[in-house]
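S.K.:
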Amino acid sequence: MKMRHAIFALLISMSLIACAGAPQSKALLNSYTSQNLLSLNSTAVVLDVPFNPQQDYQCGPAAIATVLQFSGVQTSTHEMIDAVYVPARQGSLQVEMLAAPRQYDRLSYVIQPSLEVLLAQIDAGKPVLVMQNLGISTFPQWHYAVAIGYDLNEKEIILHSGLIEQYRLKLSTFERTWARADHWGVVLLTPGELPVAANELAYLESLVGYETVGSGDLVLQAYIKGVERWPNNETLGIGLGNAYFSQSRYGESIKAYEKVIDAYPNSAAAHNNLAQSLLQLGRLDDAANHARLAVNIGGQFQAHYVDTLNSILAKATEGKQ
Amino acid sequence: MKMITMLKKSLPSLLIVVFSFCALQAPAMASVVTTEQLMAEQRIEQQREAAHAFFSRQDVQAQLVARGVDVKAAQSRIASMSAAELSTLNQQIDTMPAGEGLGLVIGLLVIFMLLDIAGVTDIFPGI
Numbered sequence: 003m004k005m006r007h008a009i010f011a012l013l014i015s016m017s018l019i020a021c022a023g024a025p026q027s028k029a030l031l032n033s034y035t036s037q038n039l040l041s042l043n044s045t046a047v048v049l050d051v052p053f054n055p056q057q058d059y060q061c062g063p064a065a066i067a068t069v070l071q072f073s074g075v076q077t078s079t080h081e082m083i084d085a086v087y088v089p090a091r092q093g094s095l096q097v098e099m100l101a102a103p104r105q106y107d108r109l110s111y112v113i114q115p116s117l118e119v120l121l122a123q124i125d126a127g128k129p130v131l132v133m134q135n136l137g138i139s140t141f142p143q144w145h146y147a148v149a150i151g152y153d154l155n156e157k158e159i160i161l162h163s164g165l166i167e168q169y170r171l172k173l174s175t176f177e178r179t180w181a182r183a184d185h186w187g188v189v190l191l192t193p194g195e196l197p198v199a200a201n202e203l204a205y206l207e208s209l210v211g212y213e214t215v216g217s218g219d220l221v222l223q224a225y226i227k228g229v230e231r232w233p234n235n236e237t238l239g240i241g242l243g244n245a246y247f248s249q250s251r252y253g254e255s256i257k258a259y260e261k262v263i264d265a266y267p268n269s270a271a272a273h274n275n276l277a278q279s280l281l282q283l284g285r286l287d288d289a290a291n292h293a294r295l296a297v298n299i300g301g302q303f304q305a306h307y308v309d310t311l312n313s314i315l316a317k318a319t320e321g322k323q
Numbered sequence: 010m011k012m013i014t015m016l017k018k019s020l021p022s023l024l025i026v027v028f029s030f031c032a033l034q035a036p037a038m039a040s041v042v043t044t045e046q047l048m049a050e051q052r053i054e055q056q057r058e059a060a061h062a063f064f065s066r067q068d069v070q071a072q073l074v075a076r077g078v079d080v081k082a083a084q085s086r087i088a089s090m091s092a093a094e095l096s097t098l099n100q101q102i103d104t105m106p107a108g109e110g111l112g113l114v115i116g117l118l119v120i121f122m123l124l125d126i127a128g129v130t131d132i133f134p135g136i
């Protein structure tokens, strides 16, 4: 009798979960069948991605090695264990998965939480590192896999997952497991490369992360590309100036900051950094003007602006003596 | 009658299962700033503050080493993290999800098999 109750309860709850559904797959397949073919060029793609079967708990190292190898880096699951595996957690954390590729001059770009954007990456020739919760929220089973293909006619996504090469999974089931991991997906970019369906904030995040270890030249290329794509983004513009500044290319950093100021006259940070560049070139009067503007506008980094102004004024008095 | 008794008896177990499995979402209210949105704002603020709060890269490195990561490896790992990422790792190293591949609690086998068949979970890729 008890068993019957349990099964009854289970069936009810299962039917409720089924209602929760897979809205993105549904919308995607609907617009596919109605010939309204989204941004995708193909109905089926399978990328030629190396396969690294995982051993126990090593889906993280295996998955990150896979996307790195595909983007031309020589590495292995074994090498990636040192880079991302945390023995006490018997697994790998997302922050570390993002950090590891930077050591190999790759930017880790987190895609928008959309199934269509995910498939668009594959369509553009990029495998996507995804996190899934294969279990349920109460009993999570976190897992990394690499999405390497899809087939809209069969309503399937194709993954390198665990021990299975080219694992075909129903798009709707994938969506549920992916949604339970907050739709987390990552593509690797070489510096200067932009993803398809690029989002400026996500690109900036990937760039700021890469800057921690990236070489000056490559970081600069990535900023140049970003500013080309989003010429009106204040942070990217200042970032470009900073990238030139850190290479001691002050003439170019000045131009970059000035361009930001044209669009954003009240950008205190741009005025401050412009003042610093002018100071480097010994143009003290111009430097002092922009430093004063920064101080007057003020804001979160006021202490920096005051410092800048003081050091310029000190330099000026020094010169007069 | 028998059906009602059965329903009554199974209600507690039914509720437990339903509540543990279902996080149903309330429909969005138009043009009202929802509490959830406010929370998101606050979360961003908190993260910013946390990023500025003082902790050294060595602290985070020590946390990794304490969890079995080789000292040298830990050093090179944290070198390529932004301030915000270090802060996240520092605070949530034991709570954030760790992708671990496929292990399983045996007691849940049957439930997951059924959920797998229903296409809700994917614990057994073979099914």
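Residue numbers (the working numbering), protein chains in the order written: chain W, 3 to 323; chain Y, 10 to 136. All residues carry an ideal CB built from backbone N, CA and C; glycine is no exception.
So, at 7 Å on beta carbons, what are the nonlocal neighbours of V80 of chain Y in its own chain, with the 5 sequence-adjacent residues on each side left out?
M.R.: In the second sequence, counting from the first residue as 1, residue 80 of chain Y sits at position 71. Only V74 meet the Cβ criterion.
S.K.: If we count the other Cβ atoms within 10 Å of its Cβ and call it buried at 16 or more, is G74 of chain W buried or exposed?
M.R.: Here residue 74 of chain W refers to the residue found at position 72 when the first sequence is read from its first residue. Burial call: exposed.
S.K.: Check S85 of chain Y in the structure and name its three-state DSSP category.
M.R.: As a working mapping, residue 85 of chain Y is identified with position 76 in the second sequence. The answer is helix: DSSP assigns S85 of chain Y an H, G or I state.
S.K.: Spatial neighbours of M324 of chain W within its chain, please: C-beta separation below 8 Å, excluding the five flanking residues on both sides.
M.R.: Missing from the structure shown is residue 324 of chain W; chain W here goes from 3 to 323 and no further.
S.K.: From the beta carbon of M152 of chain Y, is the nearest beta carbon of chain W less than 9 Å away?
M.R.: Past the boundaries of the shown model lies residue 152 of chain Y; chain Y is included only from 10 to 136, so the question cannot be answered.
S.K.: D131 of chain Y and T179 of chain W - do their beta-carbons sit closer together than 9 Å?
M.R.: Counting from 1 along the first sequence, the entry for residue 179 of chain W is found at position 177. Counting from 1 along the second sequence, the entry for residue 131 of chain Y is found at position 122. Closer than 9 Å, so yes.
S.K.: How close, in whole Å, do the beta carbons of A122 of chain W and V198 of chain W come, if the pair is a contact with beta carbons under 8 Å?
M.R.: As a first step, residue 122 of chain W must be located in the first sequence, where it is residue number 120. As a first step, residue 198 of chain W must be located in the first sequence, where it is residue number 196. 5 Å between Cβ atoms; contact.
S.K.: Between the C-alpha atoms of S96 of chain Y and Q92 of chain W, what's the straight-line distance to the nearest angstrom?
M.R.: Within the second sequence, the letter at position 87 stands for residue 96 of chain Y. Within the first sequence, the letter at position 90 stands for residue 92 of chain W. Looking at the two C-alpha atoms, the distance is approximately 21 Å.
S.K.: Entirely within the stretch 251-315 of chain W and at least 4 residues each: give me those alpha helix (DSSP H) ranges in chain order.
M.R.: The qualifying runs are 252-265, 270-282 and 286-299.
S.K.: Which same chain residues, not among the five before or five after L209 of chain W, have their C-beta less than 6 Å away from its C-beta?
M.R.: Locating residue 209 of chain W in the first sequence gives position 207, where the first residue counts as 1. Taken in chain order, the residues that qualify are A224.
S.K.: What does R76 of chain Y touch in chain W if you count any residue whose Cβ is under 9 Å from its own?
M.R.: Your numbering for residue 76 of chain Y matches position 67 in the second sequence. Per Cβ cutoff of 9 Å: V88, P89, A90 and R91.
S.K.: Is the shortest distance between the beta-carbon of Y146 of chain W and the beta-carbons of chain Y less than 9 Å?
M.R.: Your numbering for residue 146 of chain W matches position 144 in the first sequence. So yes, Y146 of chain W belongs to the interface.
S.K.: Output yes if chain W places a C-beta closer than 9 Å to the C-beta of S85 of chain Y; else output no.
M.R.: Counting from one through the second sequence, the residue named residue 85 of chain Y turns up at place 76. Interface residue, yes.
S.K.: Any beta carbon of chain W sitting closer than 9 Å to that of A107 of chain Y?
M.R.: Position 98 of the second sequence, counted from the first residue, corresponds to residue 107 of chain Y. True, the Cβ-Cβ gap to chain W drops below 9 Å.
S.K.: With DSSP collapsed to three states, give me the class of A101 of chain W.
M.R.: Residue numbering aside, residue 101 of chain W sits at position 99 when the first sequence is read from its first letter. It is helical.
S.K.: Which residues in the same chain have their Cβ closer than 7 Å to the Cβ of E167 of chain W, if we skip the five residues on either side of it in sequence?
M.R.: Within the first sequence, numbered from 1, the residue matching residue 167 of chain W stands at position 165. Excluding residues within five positions, the ones whose Cβ falls inside 7 Å are F53.
S.K.: Any idea if S110 of chain W is buried or exposed, counting beta-carbon neighbours within 10 angstroms, 16 or more meaning buried?
M.R.: Here residue 110 of chain W corresponds to residue number 108 of the first sequence, with the count starting at 1. The residue in question, S110 of chain W, is buried, as its Cβ has 16 or more Cβ neighbours within 10 Å.
S.K.: For V80 of chain Y, would you say it is in contact with chain W, using Cβ-to-Cβ distances shorter than 9 Å as the test?
M.R.: Start at 1 with the first residue of the second sequence, and residue 80 of chain Y comes out as number 71. By this cut-off, V80 of chain Y is not an interface position.
S.K.: Using a C-beta to C-beta distance shorter than 9 Å, which residues of chain W count as neighbours of G68 of chain Y?
M.R.: As a working note, residue 68 of chain Y is residue 59 in the second sequence. Checking the sequence, you will find Asp at residue 68 of chain Y rather than Gly. Ordered by position in chain W, no residue passes the 9 Å Cβ test against D68 of chain Y, which lies about 15 Å from the chain.
S.K.: Is the beta carbon of V221 of chain W closer than 9 Å to that of E213 of chain W?
M.R.: Within the first sequence, the letter at position 211 stands for residue 213 of chain W. Within the first sequence, the letter at position 219 stands for residue 221 of chain W. Going by C-beta atoms, E213 of chain W is nearer than 9 Å to V221 of chain W.
S.K.: To which residues does DSSP link M133 of chain W through a beta bridge?
M.R.: Reading the first sequence from its first residue, position 131 is the one you call residue 133 of chain W. According to DSSP, which records beta bridges pairwise, M133 of chain W is partnered with W:Y146.
S.K.: Using the Cα positions of A290 of chain W and D219 of chain W, report the straight-line distance between them to the nearest angstrom.
M.R.: For the purposes of this step, residue 290 of chain W is identified with residue 288 of the first sequence, where counting begins at 1. For the purposes of this step, residue 219 of chain W is identified with residue 217 of the first sequence, where counting begins at 1. Computed Cα separation, rounded: 30 Å.
S.K.: Tell me whether I113 of chain W is buried or exposed, calling it buried when 16 or more other Cβ atoms sit within 10 Å of its Cβ.
M.R.: Locating residue 113 of chain W in the first sequence gives position 111, where the first residue counts as 1. Result: buried.
S.K.: Under 9 Å, do S27 of chain W and F176 of chain W count as touching if we go by C-beta distance?
M.R.: Taking the first residue of the first sequence as position 1, residue 27 of chain W is located at position 25. Taking the first residue of the first sequence as position 1, residue 176 of chain W is located at position 174. The answer is yes: Cβ separation under 9 Å.
S.K.: Quick check: the Cα distance between I124 of chain W and G151 of chain W, rounded to an integer number of angstroms?
M.R.: Here residue 124 of chain W corresponds to residue number 122 of the first sequence, with the count starting at 1. Here residue 151 of chain W corresponds to residue number 149 of the first sequence, with the count starting at 1. If I take the Cα positions, the gap works out to 6 Å.
S.K.: How would you write the range of the alpha helix (DSSP H) that Y227 of chain W sits in, first residue to last?
M.R.: Against the first sequence, residue 227 of chain W aligns to sequence position 225. Going by the sequence as given, residue 227 of chain W is Lys instead of Tyr. Where K227 of chain W is concerned, the enclosing alpha helix (DSSP H) stretches over G218 to R231.
S.K.: State the start and end residues of the unbroken alpha helix (DSSP H) segment that holds G241 of chain W.
M.R.: Mapped onto the first sequence, residue 241 of chain W falls at position 239. Per DSSP, G241 of chain W belongs to the alpha helix (DSSP H) from E236 to S248.
S.K.: According to DSSP, G194 of chain W sits in a beta bridge with which residue or residues?
M.R.: In the first sequence, residue 194 of chain W corresponds to position 192, counting from 1. None, per the DSSP bridge assignment.
S.K.: Assign K322 of chain W to buried or exposed, taking buried as 16 or more other Cβ atoms, counted over all protein chains shown, within 10 Å of its Cβ.
M.R.: Locating residue 322 of chain W in the first sequence gives position 320, counting from the first residue. Exposed: under 16 other Cβ atoms inside 10 Å.
S.K.: Taking 8 Å as the line, does the beta carbon of T97 of chain Y fall inside it for any heavy atom of the ligand NAD?
M.R.: With respect to small molecules bound, the structure shown includes none, and the ligand NAD cannot be examined in it.
S.K.: Thinking C-alpha only, which one of W:H306, W:R182, W:P89 and W:S78 is nearest V78 of chain Y?
M.R.: Against the second sequence, residue 78 of chain Y aligns to sequence position 69. Comparing Cα positions, the closest option is W:P89.
S.K.: With DSSP collapsed to three states, give me the class of I132 of chain Y.
M.R.: Position 123 of the second sequence, counting from 1, holds the residue named residue 132 of chain Y. Here I132 of chain Y sits in coil by DSSP.
S.K.: When burial is assigned at 16 or more other CB atoms within 10 Å of the CB, is I314 of chain W buried or exposed?
M.R.: Taking the first residue of the first sequence as 1, we reach residue 314 of chain W at position 312. By the 10 Å Cβ count, I314 of chain W comes out buried.
S.K.: Compare the beta carbon distance of K172 of chain W and G128 of chain Y with 9 Å and say whether it is the shorter of the two.
M.R.: As a position in the first sequence, residue 172 of chain W is number 170, starting the count at 1. As a position in the second sequence, residue 128 of chain Y is number 119, starting the count at 1. Taking 9 Å as the Cβ cut-off, K172 of chain W and G128 of chain Y qualify as a contacting pair.
S.K.: By the 10 Å Cβ neighbour count, where 16 or more other Cβ atoms means buried, how is N135 of chain W classified, buried or exposed?
M.R.: If you number the first sequence from 1, residue 135 of chain W lands on position 133. Its Cβ being crowded by 16 or more others within 10 Å, N135 of chain W is buried.
S.K.: DSSP on L171 of chain W, reduced to helix/strand/coil?
M.R.: Along the first sequence, read from residue 1 onward, the residue named residue 171 of chain W stands at position 169. In the structure shown, L171 of chain W sits in a strand (DSSP, three-state: E or B).
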